[in-house]
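Everything below concerns the one structure shown next.
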Amino acid sequence: MTTVEENKKLIQEVLEAYPEKAAKKRSKHLDVYEEGNSDCGVKSNKKSVPGVMTTRGCAYAGAKGVVWGPVKDMVHLSHGPVGCGYYSWSGRRNYYVGTTGVDTFGTMQFTSDFQERDIVFGGDKKLAKLIDELEVLFPLSKGTTIESECPIGLIGDDIEAVARKKAKETGKPVVPVRCEGFRGVSQSLGHHIANDTVRDWVLPKADEYRQLPEGFESSPYDVNIIGDYNIGGDAWPSRRLLEAIGLRVICQFSGDGSFNETVMTPLAKLNLIHCYRSMNYICRHMEEKYGIPWLEYNFFGPTQIAKSLRKIAAQFDETIQEKAEQVIAEHQVEMDALIEKYRPRLEGKKVMMMVGGLRPRHVIPAFEDLGMNVIGTGYEFGHGDDYKRTADYVKEGTVIYDDVSGHEFEEFAKQLNPDLIAAGIKEKYVFQKMALPFRQMHSWDYSGPYHGYEGFAVFARDMDLAINSPTWNLVENPWAK
Amino acid sequence: MTENNGNNVNTPVAAEPGVIQDHFDLFQTDTYQDLFEYKRQFEGAHSKEEVARIAEWTKTWDYREKNFERKALTVNPAKACQPLGSLFVAAGFEGTLPYSHGSQGCVAYFRTHLTRNFKEPFQAVSSSMTEDAAVFGGLNNMVDGLANSYTLYKPKMIALCTTCMAEVIGDDLGAFIQTSKDRGSIPQDFPVPYAHTPSFVGSHITGYDNMLKGILDCLTKDKKQETTNGKYNFNLGFDPYIGNIRELKRILQLFEIDYTVLSDNADAFDSPNTGEFKMYNGLTNLEDAADSINAEGTFFFQKYTTPKTQNYIEKEWGQETFNFRPFGIRGTDEFLTKLSEITGKPVPQELVEERGRAVDAMTDSQAWIHGKRVALYGDPDHVFGLVNFLLELGAEPVHIVVTNSNPEFEQELKAVLDASPYGKDATIWGKKDLWHMRSLLFTEPVDLLIGNSYGKYLWRDTHTPLVRIGYPIFDRHHMHRYETLGYKGVLNLHNWIVNTILDELDRQTIIPAKTDISFDLIR
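Residue numbers (the numbering used here), protein chains in the order written: chain A, 822 to 1302; chain B, 2 to 524.
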């Protein structure tokens, strides 16, 4: 049998454990990539099957945790009961520079801590009072976003009215984000909702809110970095590369971003988008409204970095293109040495991935730069356009799993025998108990950055230490024969 | 990434080609420091002087007063919501799959939070309810969810709790479970205990209580016998130290007491790596749990975590219950005295000797702890145990913040503080949060802070050395494996406290030709 046939058979076997109805639903989300196909053959962005262990989160997680949360100088209020804000408090490692609690608030948890009376009588008055209290205690904040938790949409609160009133009173943006956790099928809708609030509540007032840098003059090289959340500092090596080829980054949205940068965005000539999934909406809007084109790029691993730098430079004049070539050449020796060191230790190692956003495809070439093969990949909350893009990255026979369940992931791993699993914290210890090396691909396992040339060095080192750790050899005890 | 004011001795490292630099080195290099400085112009940032001025103001009494005036805003609370506790307690029962009925994101958060603390897999499922369920109710989700999780994960019991979504729309759990059974999702006799766990009532400890009561109520139905089974039940409450369960069992074995731990989740949160993933590691057998109704009595170590369960056991089971806090010397003494009384046996010599060693350790290092002013926070019973231990050492609790407090607890703790000469400066700050604590630490500084990992931000801002005791501990490894219970627990608590003080002293005296006069080899 070919790999494709074998893996298709494996999928059928894995599905046998489900009740019929669930098996039918799940079967549409699993497939094997066949060379020449323009997508991965799976359905996506559908409801998770109840009672099946999905790794997905909710709209609140997408809006607060991903899109708005990293905007460092605003207060992001978890509006509703205490839990959502508590569990997402400081969990994502979106680094920023600032004095926390004074001019930045990224690693703090602000909540309206709803009690039963708030559910019964509504929380709008409490919300209004709360924003007044924020003004007193955090006078340097640049505004507030209100991330609604499940009950808000169910009890009929009018947070938009409160937001309008308070924005007027405080002279600062107050952005109501209707990201109740029951909306949509995953965090993905939360990204979209948050993008829409930028469109509806922020950009229309951009000119009013914007503080231009001293002596600022528009230049043809002004770009925005969109959708890099600065996990472990990722956005900074990316920014450095763009600056090195002669571009001027006038905004990071939202990793290490500020509110002012958000309202700087319409001034750019090009939107450079890292995480297409979570931020394509606002890029499309800016294209339509301001005529700003957008371009996806991939800064994982030297092959893609070079490719992306050339692609970006091609949007500009020759000076930029020359500099891009220079930057690529400058790093070549160092990257060659790095690969020479790590490739022999990683050559031929098999990887299974499952992440969110863009990583299930974008990281593949970085593994390949190290001689590793990705034999399975899938998204927590991808859409059809993600799977289309993935087709350009994967090889014949790769198992594709959308919104993979705990059962499926474990069975695939048992049968496909990967050398490394690259997924999230909820999966990590399941596989480590199976003596399988694992790296977290959301938080970079507390390491990073992984973007850019410096990031690739860290990435290569981390993959090596995960796979080649001597601890895995200790798992089997000497008496277990 | 806030400026570090001296807690960190790392100096910036220059970038060198070929050297792999981690984030903590890389971003301190000139290249990135310059990048940050350049980026600032686009940020619309306040002037550094203004930031410094406001930062200073947040340390003042004026700020503290404004901070304590807030009524609507909560900042950095030391409490989570109900279902977290429900999942935590459910995991201690044999073959039990925790199931959360409502939105699916909640379960992702609970699993993540527990996993980050214990570095263990945590398996739980959700009904994955969306907009249509918000309108029509979650019945179909439950019917499918129970069928799928039962077939796929083959549990012996599904412990069902709710998210606030299901609570707000008013799903009828009992009826939904019965309907699911009637429609063949799960067998009629399959146990699905349930609990309503709205996150807008109480905190994670409330959810622990509700789920435990639900499980016991379900399993013990029609199990009451004429005579007792001669056993005692023990419940530790929302106690993140799995070493405590193991230590308790060792003590009980020394007394040769026949026991049932009601929710023994020690292995659920600390299972051996055998190369094979085992989904269920709860150690409380369902049969034992069912028979717990026939025990001689039930011991509760967290009075304010499990009031409903305790009341239920007294009223519904007609069983005697006891509250003990076997933490610190006296707390352990009282507990062992009781065990001696119910067994008619003297306290085993092994434990007597352990007591002697624990006290010996305390007398050895008490000079470093005596009179030290301490701030602490956490769940009510957790704080209660720690305060008692601090008072035994001659340390002085000053700021006691309990976000999920209640009046009975405050009264009981106050009596303890009033009875000790070391408790006279203490204030119990019920329902306050860690942003209140920040003001307290700035305006009335203390020598030591005891709390969970979130306390590291207070450490950074106020330079109060932090002893990590509590839940969650995300940024230090394996703390949960140790025991804090009993005399062995005393040694751990004591060790963590005294050595944090000594580490801090070394940090303060490390500057050559300046503070290193006191950089003593022997302390």
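Glycine included, each C-beta is placed from N, C-alpha and C at the ideal position.
Note that the coordinates shown come from a computational prediction; the quantities given were computed from them, not determined experimentally.
Secondary structure remark: continuous alpha helix (DSSP H) runs of at least 4 residues inside the stretch 429-485 of chain B, in chain order: 435-444, 457-463. Of the candidates A:LEU1237, A:LEU898, A:TRP1115, the residue whose Cα lies closest to the Cα of A:LYS947 is A:LEU898.
Only SER272, ASN274, THR275, GLY276, GLU277, PHE278, LYS279 from the stretch 261-288 of chain B bring a Cβ to less than 8 Å from some Cβ of chain A. Residue environment: A:PRO1114 is assigned as exposed (fewer than 16 neighbouring CB atoms within 10 Å of its CB, all protein chains considered).
Collapsing the DSSP output to three states places B:PRO381 in a helix. Comparing alpha carbon positions, the residue from B:GLY298, B:LEU503, B:THR344 closest to B:GLU257 is B:THR344. Rounded to the nearest angstrom, the Cβ distance from A:PHE1230 to A:GLU1248 is 7 Å, consistent with a contact under 8 Å. Residue contact check for B:TYR64 against chain A: a CB pair falls below 9 Å. Residue range 1008-1018 is occupied by the alpha helix (DSSP H) that includes A:ASN1016. If you look at B:THR32, you'll find it isn't in any beta strand (DSSP E); it sits in the alpha helix (DSSP H) that goes 31-40. With respect to chain B, the C-beta atom of A:SER1129 has no partner C-beta closer than 9 Å. The beta carbon of B:TRP436 sits closer than 9 Å to some beta carbon of chain A.
Contact of B:VAL76 with chain A is assigned, a C-beta pair being separated by under 9 Å. Its chain contains GLY901, PRO902, GLY944, PRO972 as the residues whose beta carbon lies nearer than 7 Å to that of A:PHE935, once the 5 sequence neighbours on both sides are disregarded; these appear in chain order.
DSSP, reduced to helix, strand and coil, places B:HIS205 within a helical segment of the structure shown. Each of B:VAL360, B:PHE94, B:PHE278 was checked against the Cα of A:PHE1252, and the nearest Cα belongs to B:PHE278. Here the alpha carbons of A:LEU1024 and A:SER1059 stand approximately 25 Å from one another.
Interface annotation, B:SER366: not in contact with chain A, CB-CB separation never under 9 Å. Contact between B:LEU486 and B:GLU248 holds, since their C-beta atoms are separated by about 5 Å, short of 8 Å.
A distance below 9 Å separates the beta carbons of A:ALA1056 and A:HIS1095.
The Cβ neighbour count for A:HIS1183, taken over all protein chains shown within 10 Å, is at least 16; the residue is labelled buried.
Contact between B:ASN118 and B:HIS481 is confirmed by a C-beta separation of about 6 Å, below the 8 Å threshold. Between B:ILE401 and B:TYR423, the gap from beta carbon to beta carbon reaches 9 Å or more. Think of a sphere of 8 Å around the beta carbon of B:HIS47: the chain A residues whose beta carbon falls inside it are ASP924, LEU961, in chain order. Runs of the alpha helix (DSSP H) spanning 4 or more residues and lying entirely within the stretch 144-177 of chain B occur at 165-170, in chain order.
For A:MET1173, there is no enclosing alpha helix (DSSP H); the residue is part of the beta strand (DSSP E) that begins and ends at 1171-1174.
For the stretch 1094-1125 of chain A, the full-length alpha helix (DSSP H) segments reaching 4 residues or more read 1097-1111 along the chain. Residue pairing for A:LEU1241: DSSP places it in a beta bridge opposite A:VAL1172.
In chain order, ARG112, THR113, THR116, ARG117 make up the part of chain B whose C-beta sits under 9 Å from the C-beta of A:ILE1246.
In the structure shown, the three-state DSSP call for A:CYS1000 is coil. Looking from the CA of A:PHE1003, the closest CA among B:MET166, B:PRO381, B:LYS489, B:ASP365 belongs to B:MET166.
Between B:SER87 and chain A, the shortest Cβ-Cβ separation is not below 9 Å. Under the 9 Å criterion on CB atoms, A:ARG1180 is classed as non-interfacial with respect to chain B.
Put simply, the CB of A:HIS850 is far from chain B, with every gap to its CB atoms at 9 Å or more. CA-to-CA, the gap between B:TYR458 and A:ALA880 works out to about 28 Å. Proximity to A:SER869 across B:GLN105, B:ASP35, B:LEU98, B:PHE390 peaks at B:GLN105, based on C-alpha coordinates.
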